[in-house]
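Okay, structure first, notes after.
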Amino acid sequence: MGLVSYQSGLIWVWSHISRVSYQSGLIWVWSHIGRVSYGSGLLSVWSHTGLVSYIGLVSYRSGLIPLFQLFFTVSPAAVCPSPGLVVLRKWIAGGVCRCSVRLDGKTVLVTGANTGIGKETCRDLAGRGARVVMACRDLSRAERAADEIRQSTGNGNVVIRHLDLASVYSVSQFAKDFLDSEDRLDILVNNAGVMMCPKWITEDGFETQIAVNHLGHFLLTNLLLPLLKSSTPSRVINVSSIAHRGGQINFDDLFFSRRPYSTLESYRQSKLANVLFTRELARRLRGSGVSAFCLHPGVIRTELGRHIEGWFPLLGALLRLPALLLMKTPWEGSQTTVFCAVTPGLEELSGRYFSDCAEKEAAPEGQDDEAAWRLWEESARLVRLKDTC
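In my numbering, the protein residues as written are 245 to 633.
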């Protein structure tokens, strides 16, 4: 692997790794990445496809997990000296929501709002005049984030509420209190999530990733539907991921009780569940005035990947420097969420998948109507939800 030449103006990856060893179980970056040319000062990233795998896979042989399967299409301009670096960085940043719609008099609820893209989503929507309710597990961190948002936007109507999405009881209590205290809900952003954590089982007996990323939000959305329906036109936004591609809903073993636990398989399953839930929700709410959207925010520099660095400190060191260039900032990552929340005229696209502030096609497994219906019914059974839309 060596180093990528300073002269290329692209990335200095690592100065003392002369090779990537398959046997060592370090990192398999890409078997056909081409060559690193010290003489030309350019990184030749061309294989026959013209695609570059940024991180690729953590070696299966070592027993470690596949980490990211994220592909960047790089144009020739992107590997040129300094100007190409700017082009590449702008491309990574993706779309920006340029809609100037105000939200005065509207109420927005955002889960996982004290950090990362959730916090930046709250900041944007508060800046548009909305009443913003930040639903968070850690109230002390949430209060600090809310204080920062109030000061930066001049909007004092930013409040925090406790919510633990891993607990059916907590979600039910939160929804009850919200319905008792709020007179409207215009935008629900199901943003909170966990990524590739160890196998933890919740108090309800659920595996944590599917519990937090899907089941908690499924229950929350259904319990708040009466308020969403009385506040129409209203929107539900589910933050999914490109990781839904290749995912599979294992209806016979959702919680990895009878098969080896895989952090990546579990994460993919939960992100596919977000896409299928959005699709079925939109179908059931057709004509109600409530729209539903799901999205891929991009690969973000947030705390979401803290479990990866905790397990593999060397990986953390390897990823940190490239991350400055190849990952979005939380603000950049929040843009598609904001786009889905405020852009006029999206109602006809209810149920669809978005990325970089544009509609994109979900993976085939995310367009399976039978699986979407089955997931809804199974989710309702698991969280003991009797009345659904």
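For every residue, glycine included, the Cβ atom is placed at its ideal position computed from N, Cα and C.
DSSP beta-bridge partners of residue 603: DSSP output for residue 603 lists 598 as bridge partner(s).
Note to self: So, at 7 Å on beta carbons, what are the nonlocal neighbours of residue 462 in its own chain, with the 5 sequence-adjacent residues on each side left out?
What the structure shows: Excluding the 5 residues flanking it on each side, residue 462 has same chain C-beta neighbours closer than 7 Å at 521, 623 and 627, in chain order.
Does the distance from the CB of residue 435 to the CB of residue 483 come in under 8 Å? Remark: C-beta atoms of residue 435 and residue 483 approach each other more closely than 8 Å.
Compute the distance between the beta-carbons of residue 477 and residue 576, then report whether it is under 8 Å. No.
Report, in whole angstroms, the separation of the C-beta atoms of residue 578 and residue 368, which I expect to be a contact under 8 Å.
About 6 Å; that satisfies the 8 Å criterion.
Problem set entry | Residue burial classification, residue 495 (beta-carbon count within 10 angstroms, cutoff 16) | Its Cβ having fewer than 16 others within 10 Å, residue 495 is exposed.
If the criterion is Cβ atoms closer than 8 Å, does the pair residue 474 and residue 430 meet it? Not in contact: residue 474 and residue 430 (Cβ atoms no closer than 8 Å).
Minimum C-alpha distance to residue 481 - residue among 456, 393 and 598:
Taking the Cα of residue 481 as reference, the smallest distance to any Cα among 456, 393 and 598 is reached at 598.
| query | When burial is assigned at 16 or more other CB atoms within 10 Å of the CB, is residue 453 buried or exposed? | reply | That one is buried.
- First and last residue of the uninterrupted beta strand (DSSP E) at residue 431: Start and end: 431-434.
Suppose you measure from the CA of residue 213 to the CA of residue 616; what does that come to, to the nearest Å? Because residue 213 is not part of the residues shown, which for the chain are 245 to 633, the question remains open.
>> Using C-beta distances below 6 Å, list every residue in its chain close to residue 467, excluding the 5 sequence neighbours before and after it, in chain order.
In response: So the qualifying residues of the chain are 419.
inquiry  = Closest to residue 427 by C-alpha separation, out of 485, 351 and 356, would be which residue?
reply    = The residue with the shortest Cα to Cα distance from residue 427 is 351.
Check: What whole-angstrom Cβ distance do residue 516 and residue 542 have, given they're in contact under 8 Å?
Finding: With a Cβ gap of about 18 Å, residue 516 and residue 542 do not count as contacting.
- Query: Where does residue 582 fall in DSSP's three states?
  - Reply: The answer is helix: DSSP assigns residue 582 an H, G or I state.
| Residues near residue 580 by beta carbon distance below 8 Å, same chain, minus five either side | Answer for residue 580: 338, 339, 341, 539, 540, 541, 542, 598, 599, 600 and 601, listed in chain order.
Could you say which of 403, 487, 358 and 583 lies nearest to residue 425 if we only look at CA atoms? Answer by Cα proximity: 403.
- [ ] Just tell me which of 365, 401 and 358 has its CA closest to the CA of residue 386.
- [x] Cα-wise, what sits closest to residue 386 is 358.
May I ask you to report which of helix, strand or coil DSSP gives residue 536?
Secondary structure of residue 536 (DSSP, three-state): strand.
Grab the span of the beta strand (DSSP E) containing residue 402 for me, first residue to last.
Annotation for residue 402: the continuous beta strand (DSSP E) segment containing it runs 402-406.
Span of the beta strand (DSSP E) holding residue 379? Its beta strand (DSSP E) spans residues 375-380.
Q) Since residue 460 contacts residue 415 with CB under 8 Å, what's their CB separation in whole angstroms? A) Contact flag correct, Cβ pair sits at about 5 Å.
Use the C-beta contact count for residue 395: other C-beta atoms within 10 angstroms, 16 or more gives buried, fewer gives exposed.
Taking every protein chain shown into account, the CB of residue 395 has fewer than 16 other CB atoms within 10 angstroms, so this residue is exposed.
Of the residues 464, 544 and 589, the one placed nearest residue 633, counting alpha carbons only
Nearest of 464, 544 and 589 to residue 633, Cα basis: 464.
**Report entry** 6 Å CB neighbourhood of residue 356 in its chain, flanking five on each side removed
**Finding:** Answer for residue 356: 362, 435 and 436, listed in chain order.
Please classify residue 530: does DSSP put it in a helix, a strand, or coil? In the structure shown, residue 530 sits in coil (DSSP, three-state: anything other than H, G, I, E or B).
(Q) Considering only DSSP beta bridges, list what residue 451 is partnered with. (A) In the DSSP output, where bridge partners are listed per residue, residue 451 has 445.
| request: Could you tell me which residues DSSP puts in a beta bridge with residue 479? | output: Per DSSP, 431 and 535.
| request: Could you pull the start and end residues of the beta strand (DSSP E) that residue 467 belongs to? | output: In this chain, residue 467 is not harboured by any beta strand (DSSP E); it is covered by the alpha helix (DSSP H) spanning 460-473.
On the criterion of 16 or more Cβ atoms from any shown chain inside 10 Å, does residue 444 qualify as buried, or is it exposed? Here residue 444 is exposed. Its C-beta has fewer than 16 other C-beta atoms within 10 Å.
Query raised in the report: When the distance is taken between beta carbons, is residue 374 closer than 8 Å to residue 407?
Result: No, the pair does not count as a contact, with Cβ atoms beyond the cut-off.
Here's a check: name, in chain order, each residue in its chain whose Cβ is nearer than 7 Å to the Cβ of residue 529, leaving out the five neighbours to either side. Within the same chain, 536 and 633 come within 7 Å of residue 529 by CB-CB distance, once the 5 residues on both sides are set aside.
Query raised in the report: Would residue 588 pass as a contact of residue 438 if the rule is Cβ separation under 8 Å?
Result: Their beta carbons are not under 8 Å apart, which means residue 588 does not touch residue 438 by this criterion.
Start and end of the beta strand (DSSP E) containing residue 355? Residue range 351-355 is occupied by the beta strand (DSSP E) that includes residue 355.
query: Do the CB positions of residue 571 and residue 511 come within less than 8 Å of each other?
result: Residue 511 is positioned such that its CB atom lies no closer than 8 Å to that of residue 571.
Handout entry: Per DSSP, cross-strand counterpart(s) of residue 544
Key = Paired residues: 572.
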